[in-house]
Amino acid sequence: GNVLGFKALRALRLEDLRISPAYAKTFQGPPHGIEVERDKLNKYGRPLLGCTIKPKLGLSAKNYGRAVYECLRGGLDFTKDDENVNSQPFMRWRDRFLFVAEAIYKSQAETGEIKGHYLNATAGTCEEMLKRAQ
Numbered sequence: 292g293n294v295l296g297f298k299a300l301r302a303l304r305l306e307d308l309r310i311s312p313a314y315a316k317t318f319q320g321p322p323h324g325i326e327v328e329r330d331k332l333n334k335y336g337r338p339l340l341g342c343t344i345k346p347k348l349g350l351s352a353k354n355y356g357r358a359v360y361e362c363l364r365g366g367l368d369f370t371k372d373d374e375n376v377n378s379q380p381f382m383r384w385r386d387r388f389l390f391v392a393e394a395i396y397k398s399q400a401e402t403g404e405i406k407g408h409y410l411n412a413t414a415g416t417c418e419e420m421l422k423r424a425q
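Here it is as structure tokens:
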């Protein structure tokens, strides 16, 4: 996380990290790689260009969607939520989802390119996460 932005912390050094083989086996890696992302975005022969939408907190869902649109319309291939963005009173998850979807469709129509956004679907329960993912 933002541990180095924690003002009470002056220095930090990781000296050792051990992950048990049993724990490591539970993480098999991503279900697909860059090839699948390139296929989804129809982008080949160059690096993919994307960004995390900032500020991560404080925007309304409508303004968040506008930021996504401006980034995608401006030439980025994809945008993504900051890991801290979830569902706040000023920007509910469902509202953000709808404004981001609108931004993607609009930028695709205007550029003729496939665009993407990686939306944070984490939630308080597994059931809600599955609902958001679907």
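To convert, take the position in the sequence shown, counting from 1, and add 291; that gives my numbering.
Using N, Cα and C, we set each Cβ at its ideal position, and we do this for glycine too.
Computed from a predicted structure; not experimentally measured.
Identified DSSP bridge partners for Met382: Here residue 382 refers to the residue found at position 91 of the sequence shown. Bridge partners of Met382: Gln379.
When we look at the beta-carbon of Lys406 and count the other beta-carbons within 10 Å, is it buried (16 or more) or exposed? Looking up residue 406 in the sequence shown gives position 115. The residue is buried, with at least 16 neighbouring Cβ atoms inside 10 Å.
Quick check on the DSSP output: what are the complete alpha helix (DSSP H) runs of length 4 or more inside the segment 307–331, in order along the chain? 312–315
Rounding to the nearest angstrom, what Cα-Cα distance links Glu328 and Phe390 in this structure? Position 37 of the sequence shown, counting from 1, holds the residue named residue 328. Position 99 of the sequence shown, counting from 1, holds the residue named residue 390. About 22 angstroms.
Applying the criterion that 16 or more other CB atoms from any shown protein chain within 10 Å of the CB defines a buried residue, is Ala394 buried or exposed? By one-based count along the sequence shown, residue 394 stands at place 103. With 16 or more Cβ atoms within 10 Å of its Cβ, Ala394 is classed as buried.
Should Arg387 be labelled buried (16 or more other beta-carbon atoms within 10 Å of its own) or exposed? Position 96 of the sequence shown holds residue 387. Result: buried.
With 16 other CB atoms within 10 Å as the buried threshold, where does Thr370 fall? For the purposes of this step, residue 370 is taken as residue 79 along the sequence shown, with counting starting at 1. Thr370 comes out buried.
Please identify the residue among Asn411, Ser378 and Glu419 whose C-alpha is closest to the C-alpha of Thr343. Along the sequence shown, read from residue 1 onward, the residue named residue 343 stands at position 52. The residue with the shortest Cα to Cα distance from Thr343 is Asn411.
What's the call for Cys417, buried or exposed, on a 16-neighbour Cβ count within 10 Å? For the purposes of this step, residue 417 is taken as residue 126 along the sequence shown, with counting starting at 1. When all chains shown are included, Cys417 counts as exposed.
Pick helix, strand or coil for Thr370, following the three-state DSSP scheme. The residue you call residue 370 lines up with position 79 of the sequence shown. Strand at Thr370.
For a test of the three-state rule: what should DSSP assign to Tyr335, helix, strand or coil? Taking the first residue of the sequence shown as 1, we reach residue 335 at position 44. It is coil, neither helix nor strand.
Quick one: what does DSSP say Thr402 is sitting in, helix, strand or coil? The residue given as residue 402 occupies position 111 in the sequence shown. Here Thr402 sits in helix by DSSP.
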